[in-house]
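**Student:** In this note's numbering, the protein residues as written are 1 to 250.
Every residue gets a Cβ at the ideal spot worked out from N, C-alpha and C, and that includes glycine.
(1) Would you mind working out which of 156, 147, 79 sits nearest residue 19, comparing C-alpha positions?
(2) Please report the Cβ distance between residue 162 and residue 37, rounded to the nearest whole angstrom; I am assuming they are in contact, meaning their Cβ atoms lie under 8 Å.
(3) Between the alpha carbons of residue 130 and residue 167, how many angstroms are there, rounded?
(4) Short of 6 Å in beta carbon distance, which residues of its chain neighbour residue 106, apart from the five on each side in sequence? Order them along the chain.
(5) Between the C-alpha atoms of residue 151 and residue 192, what's the straight-line distance to the nearest angstrom?
(6) State yes or no: is the C-beta of residue 215 within less than 8 Å of the C-beta of residue 207?
(7) Spell out a yes or no on whether the region 62–81 and the region 107–125 are touching, meaning 3 or more CB-CB pairs, one atom from each, closer than 8 Å.
(8) Identify whether residue 183 lies in helix, strand or coil by the three-state DSSP scheme.
(9) Is the separation between the beta-carbon of residue 260 and that of residue 165 shorter than 8 Å?
(10) Please classify residue 102 as buried or exposed, where buried requires at least 16 neighbouring CB atoms within 10 angstroms.
(11) Within 10 angstroms of its Cβ, does residue 181 collect 16 or more other Cβ (buried), or is it exposed?
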């Protein structure tokens, strides 16, 4: 994933340049944990390509991709809110010694990775429809925004500045890809549900960054709400999956 590599590495070198090796090292340690989510994205990308090579010529391709995105986005949101909920434990067992100070950044960086992972679906459309060259402008746009904003904010805000730059980077790429992909295949989305859930995940990440017991309790309430809402949204898909599993087992 070239775009992911550019974003993380540019942030690391900007911090090294503005704040020194210690801050850059803490950022690198946290990003390594978030890389697990990126691995999930790569696994989906590979599996998705195997199953969609013939769908782009189908007359019902838009319905197919809409259904896949609805289920995939729901899974990612549930996975994301659970991952955020356990991020204090992840930090405790993986960030040792001086790196433990970076735990406050972990929830926000995980949140950014979850959002990027969810909307990687649109990135796969370029390969599916054999429009790989159209993916380049969005990657360049995100890289430029990340480097410029990161360079401006890192000196004063440190890792928080890089987090903000990364968020703007991925947000710009997502908006570009949604608009561009819908020019050759219409994917219907429940934007009310998606935007509401993303907003709740952002609040959850902010709560967890505070680190207080009340904030952590609030994050679990948000997680429960997101999971319940997601299951209701994809109730029919979940029932179908359970029925298929039942048929396979019995």
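**Tutor:** If we stick to the structure as given:
(1) Ranking 156, 147, 79 by CA distance to the CA of residue 19 puts 156 first.
(2) For residue 162 against residue 37, the beta-carbon gap comes to about 17 Å, at or over 8 Å, which does not count as contact.
(3) Straight through space, the alpha carbons of residue 167 and residue 130 are spaced by roughly 28 Å.
(4) For residue 106, the CB contacts under 6 Å within the same chain, skipping 5 residues up- and downstream, are 30, 87, 91 in chain order.
(5) If I take the Cα positions, the gap works out to 34 Å.
(6) Result yes, Cβ atoms of residue 215 and residue 207 sit closer than 8 Å.
(7) Counting C-beta pairs closer than 8 Å gives three or more between the region 62–81 and the region 107–125, which meets the contact rule.
(8) Correct three-state label for residue 183: coil.
(9) Outside the displayed span of the chain (1 to 250) sits residue 260, for which this structure offers no information.
(10) Answer is buried; the Cβ neighbour count reaches 16.
(11) It counts as buried.
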